[in-house]
Amino acid sequence: MREKGSHPVVWPKVPVEPGFRSWLTNAPERQLLVVVRTLTTVNRLQDILTLTSADLRIQTTFTFDEARPGILSAGVSDALRALRVAVTPWEQAAKNTFDLILAASENDALHELNGPILLVPHGIGYQKYYPGGRVTSGMDPDRLVHHDRVIPAAIALSHSVQREQLKSACPEALDRAVVVGDPCHDRMMASRHRVAAYRAALGAGDRKVVVIASTWGRHSLYARQPRLPHRLLSELPLDDFQIVLTLHPGVWAAHGPWQLESWLRPELAAGLTLIPPDHGWQAALLAADCVLSDQGSAALYAAAAGKPVLLAPSAAPTTVDDSPLAMLTRATAEVADSGLREQIDAAIENHSPERYRPIVDQAVEDAASGQRLGDVLYDLLDLKQPDPRPDFPPVPEPAPVTHPVAALAAGWDETGKLVRFPASTRPEGLRHRHVLAHADQATLRDLDGAAIVFAEASDRFDELLTHWPLARLVAAPAPGGCLARVRDLGDFLLSAEIDPTLLASHLHLLLASHADVEGTHAVNGRPVTVSRC
1 MREKGSHPVV
11 WPKVPVEPGF
21 RSWLTNAPER
31 QLLVVVRTLT
41 TVNRLQDILT
51 LTSADLRIQT
61 TFTFDEARPG
71 ILSAGVSDAL
81 RALRVAVTPW
91 EQAAKNTFDL
101 ILAASENDAL
111 HELNGPILLV
121 PHGIGYQKYY
131 PGGRVTSGMD
141 PDRLVHHDRV
151 IPAAIALSHS
161 VQREQLKSAC
171 PEALDRAVVV
181 GDPCHDRMMA
191 SRHRVAAYRA
201 ALGAGDRKVV
211 VIASTWGRHS
221 LYARQPRLPH
231 RLLSELPLDD
241 FQIVLTLHPG
251 VWAAHGPWQL
261 ESWLRPELAA
271 GLTLIPPDHG
281 WQAALLAADC
291 VLSDQGSAAL
301 YAAAAGKPVL
311 LAPSAAPTTV
321 DDSPLAMLTR
331 ATAEVADSGL
341 REQIDAAIEN
351 HSPERYRPIV
361 DQAVEDAASG
371 QRLGDVLYDL
381 LDLKQPDPRP
391 DFPPVPEPAP
401 VTHPVAALAA
411 GWDETGKLVR
421 FPASTRPEGL
431 RHRHVLAHAD
441 QATLRDLDGA
451 AIVFAEASDR
461 FDELLTHWPL
471 ARLVAAPAPG
481 GCLARVRDLG
491 DFLLSAEIDP
501 TLLASHLHLL
511 LASHADVEGT
521 HAVNGRPVTV
531 SRC
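For reference, each letter of the sequence shown is one residue, going 1 to 533 in full-length UniProt numbering.
Here it is, written out as structure tokens:
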């Protein structure tokens, strides 16, 4: 039994306990404490920490108040473990003194901590009310002031117009305001040259990327239109469009990863690309050709990146009146109830990258937050800034959840183009519609009704034709194209540097339309040579 008042044995002695500093290999001059409350704050603070994390003079430690967690705090401990950061319990942090404390939420008991606090917003500025009231998130006077003392040493604003917001919400804290811009915005802008890498990480190829970016809560796009991913997969041909879903970390925290991925299992099987909550959403927005969103910060970040944006219908009651998000809502078309293909095509074709610039300029002062934040951080740390001064690195490539589409419905559309959709969406209006199913990945239902069974090797052709008597042909990849065996007609080689499953469907369409099979054809404008083997 430990003595009353002594430290719990679970408290780590290093790196924060002063009496054990001699055990540290490096001898940092300053101790920086990072307070995290939700996955959103974890993600937000990582952008800022890129400005200090490589400085040998600074030891960074994280803390999380597990005894008084936020409503959407699930997953924080796992995220900290994944980051492999030093973590100290809240009670231990409160008994020590730090040279700087960095926080992205005023909802923790920050008054219990010892050291100058830099409070930053966890979205793009201060554009949300707390649910059920008119208190601006990030500017709650009951949390910014304790016993007549303003808790933060500095309150970061993304734009100077937010001074009036702070003055109205908590006038006592106005002299703590510092305009630093938005680090997430600036890091994204510093990553635009890597769009090709982000598209490659998503597996986009030459397809247009349509991103669904939903915030959390009942007024979010995902809450209002949970079938939107299915609708997009049903209306947009998968060879022309990639559908990407990124959900606010609060959605993951509220429902759990297992539940979300279970709810989305049919869409994932149909080709939906899902961005995990820890990172990847910024890269997905940068890779997007069009973004469908709501009144969350992602919509403004997409607009700032010059992307066409369509928003969920009607305003959310939590959006601050006359905020840039409210302005964006008034300036942006709503996601349609029907005709999504036409709406998205028009949004892309008619968009000007500078369309939303006047609105974005009301949310973010300029693109110099690295310099401004660096000034504030090192001033509070009482350290000379490194030379050269650190800059924001590009955002990391996404590591999405994605699955191959095991069954495809294909046919000619009204223009004569070969188009394909996930078989589960049951597309209508295709001439000579048929299903291609992968021999080892598709369900029994898909294979039972498939006109084409696709395998990875041609030595299984006889077996597959016997096992699936309704299949008209079987196919497999071949050097430079696709090898197919047609029931009662023999083998054909389709030569073209094209997806072999697309070539197999082309052969089926030639047979179904009684066209001449052998010779050179065009598949969506690309030449294909078909010959007997």
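In this text, a Cβ means the ideal position worked out from N, Cα and C, and glycines have one as well.
Bridge partners of L310 according to DSSP: L292.
Pairing G125 with A368 gives a Cβ-Cβ distance that is not under 8 Å. In this model, G519 and G490 are separated by some 16 Å (Cα to Cα).
With contacts defined by Cβ atoms closer than 8 Å, I498 and L473 do not form a contacting pair.
Excluding its 5 nearest sequence neighbours in each direction, G123 has C-beta neighbours in its own chain below 6 Å: S297, listed in chain order. If you ignore the 5 residues before and after V76, its C-beta comes within less than 7 Å of the C-beta of V36, T38, L39, V42 and F64, all in its own chain and listed in chain order.
Its chain contains E261, L274, V401, T402 and H403 as the residues whose beta carbon lies nearer than 8 Å to that of L268, once the 5 sequence neighbours on both sides are disregarded; these appear in chain order. Residue L236 holds the alpha-carbon nearest to the alpha-carbon of S338 among V395, H279, L300 and L236. For L56, no beta strand (DSSP E) run applies, since DSSP gives it neither H nor E. In the DSSP annotation of this structure, R445 is not part of any beta strand (DSSP E); the continuous alpha helix (DSSP H) holding it starts and ends at L444 to D448.
Where H159 is concerned, there is no enclosing alpha helix (DSSP H), because DSSP gives it neither an H nor an E.
Taken through DSSP and simplified to helix, strand or coil, Y356 comes out as coil. Within the model, the alpha-carbon separation for A333 versus R355 is close to 13 Å. Between the segment 312-331 and the segment 248-260, the count of C-beta pairs closer than 8 Å stays below three; the two stretches do not touch. E365 sits buried, since 16 or more C-beta atoms from the chains shown fall within 10 Å of its C-beta.
A contact is defined here as three or more CB-CB pairs under 8 Å, and the segment 392-401 meets this definition with respect to the segment 192-209. Cβ atoms of L221 and D289 stay farther apart than 8 Å, at about 18 Å. In terms of Cβ geometry, A86 and T61 form a close pair [threshold 8 Å]. Residue pairing for Q242: DSSP places it in a beta bridge opposite V209. Within the segment 449-477, the runs of alpha helix (DSSP H) that reach at least 4 residues and sit entirely inside it are, in chain order, 461-467. About 4 Å separates the CB atoms of A455 and A439; that is less than 8 Å, so the two are in contact. With a cutoff of 8 Å on beta-carbon distance, L503 and A496 are scored as near each other. Taking every protein chain shown into account, the CB of V10 has fewer than 16 other CB atoms within 10 angstroms, so this residue is exposed. When secondary structure is reduced to three states using DSSP, E334 falls in the strand class.
By the C-beta density criterion, F98 is buried, having at least 16 other C-beta atoms within 10 angstroms. Contact between F392 and T50 holds: CB atoms are separated by about 6 Å, below the 8 Å threshold.
Boundaries around R433 are those of the beta strand (DSSP E), R431 to H438, since no alpha helix (DSSP H) includes it.
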